[in-house]
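See structure below.
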Amino acid sequence: MLTNAKKDGLTYWTFGIEIYNPVLSWSLMFFGVYNFFAINTGCPCLIVLSMCLLIQQCVNILSAYERKLQGMAFGPNCFDTISDYFCAVEIVRLLNDTLSVPLFLAMIISLFDIFISISTFLLHSFEVPAILALEMALTSLTGIIILLSLTLYGSKITESLSKIKQTAGNLLVRNAKQKFELGIRNETVYLLRRIEKSEIIHLSPCGIIEIRKSFLLTAVGGLCTYGLLILNFKIKDIQGI
Numbered sequence: 705m706l707t708n709a710k711k712d713g714l715t716y717w718t719f720g721i722e723i724y725n726p727v728l729s730w731s732l733m734f735f736g737v738y739n740f741f742a743i744n745t746g747c748p749c750l751i752v753l754s755m756c757l758l759i760q761q762c763v764n765i766l767s768a769y770e771r772k773l774q775g776m777a778f779g780p781n782c783f784d785t786i787s788d789y790f791c792a793v794e795i796v797r798l799l800n801d802t803l804s805v806p807l808f809l810a811m812i813i814s815l816f817d818i819f820i821s822i823s824t825f826l827l828h829s830f831e832v833p834a835i836l837a838l839e840m841a842l843t844s845l846t847g848i849i850i851l852l853s854l855t856l857y858g859s860k861i862t863e864s865l866s867k868i869k870q871t872a873g874n875l876l877v878r879n880a881k882q883k884f885e886l887g888i889r890n891e892t893v894y895l896l897r898r899i900e901k902s903e904i905i906h907l908s909p910c911g912i913i914e915i916r917k918s919f920l921l922t923a924v925g926g927l928c929t930y931g932l933l934i935l936n937f938k939i940k941d942i943q944g945i
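In terms of the working numbering, the sequence shown is residues 705 to 945.
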């Protein structure tokens, strides 16, 4: 059984050409597996990691501003602190424009990889060669990791902006008295109300979807639906309907 698995793996990496030299055959197996991991798994994960780091840096900026706003006291310098919010929003918009296409490509390719792997297993009734099963399993795992990482990190932008809006609302309520006692400028109150009523920005790949945690449920539901359709077609094909 091990001999057959080794032979199948060797012919897979040599495109069907039989190699009888054991040293050369093991070398080809090693370089084939290494290149597969490097190209099909390593490169996409590194690209997604770089996008996640960019998103996390933006989240850090928003979190730092939220803490600064939370500890702000109404006074002569509070207007500048509040107006910094619009600079932070511009950073989010710039990030969204920069990562729009890369996010779309990464997410759509991941979904297609998972779908193709599931459909292959279902159509062949889980009877696929060991080397092909390993490739599809790794491809599916890579796609799942990419989807989870981008969705969880991308949703942090929404959560940070929601916290800033909530903090602005709390400031308006908590310091209602101080507005009259300290003679706070109307511009400051106006900016706080604008922050409280502003729309939350979502990372949106090519403007097609909005990255939030609920997207994971949508993706899982779509994959399960297509899986059931494939099983239905498979059963009808077996029954000759």
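Where is the CB? At the ideal position from N, CA and C, for every residue including glycine. Please read all numbers here as calculations on a predicted model, not as lab measurements.
Residues of the same chain with a CB within less than 6 angstroms of the CB of C910, apart from the 5 flanking positions on each side, are S804 and F808 in chain order. Rounded to the nearest whole angstrom, the C-alpha separation of R898 and A837 is 54 angstroms. The C-beta distance from I868 to L766 rounds to 7 angstroms, short enough to meet the 8 angstroms contact threshold. Here F741 is near L842, since their CB atoms are less than 9 angstroms apart. In the three-state scheme derived from DSSP, where H, G and I count as helix and E and B as strand, E903 is classed as coil. The C-beta distance from F919 to I912 rounds to 11 angstroms, too long to meet the 8 angstroms contact threshold.
Shortest Cα-Cα distance from Y789 to any of I812, S866, V877 and K917 involves S866.
Using a 10 angstroms sphere on the CB of N800, the tally of other CB atoms reaches 16 or more, which defines it as buried. Secondary structure in the region 762-826: no alpha helix (DSSP H) run of 4 residues or longer lies completely within the stretch. If you draw a straight line from the Cα of Q774 to the Cα of H906, it comes to about 23 angstroms. DSSP, read as helix, strand or coil, puts I915 in coil. S853 carries a helical assignment under DSSP once its states are collapsed to helix, strand and coil. The straight-line gap separating the alpha-carbon atoms of E794 and Y894 is approximately 19 angstroms.
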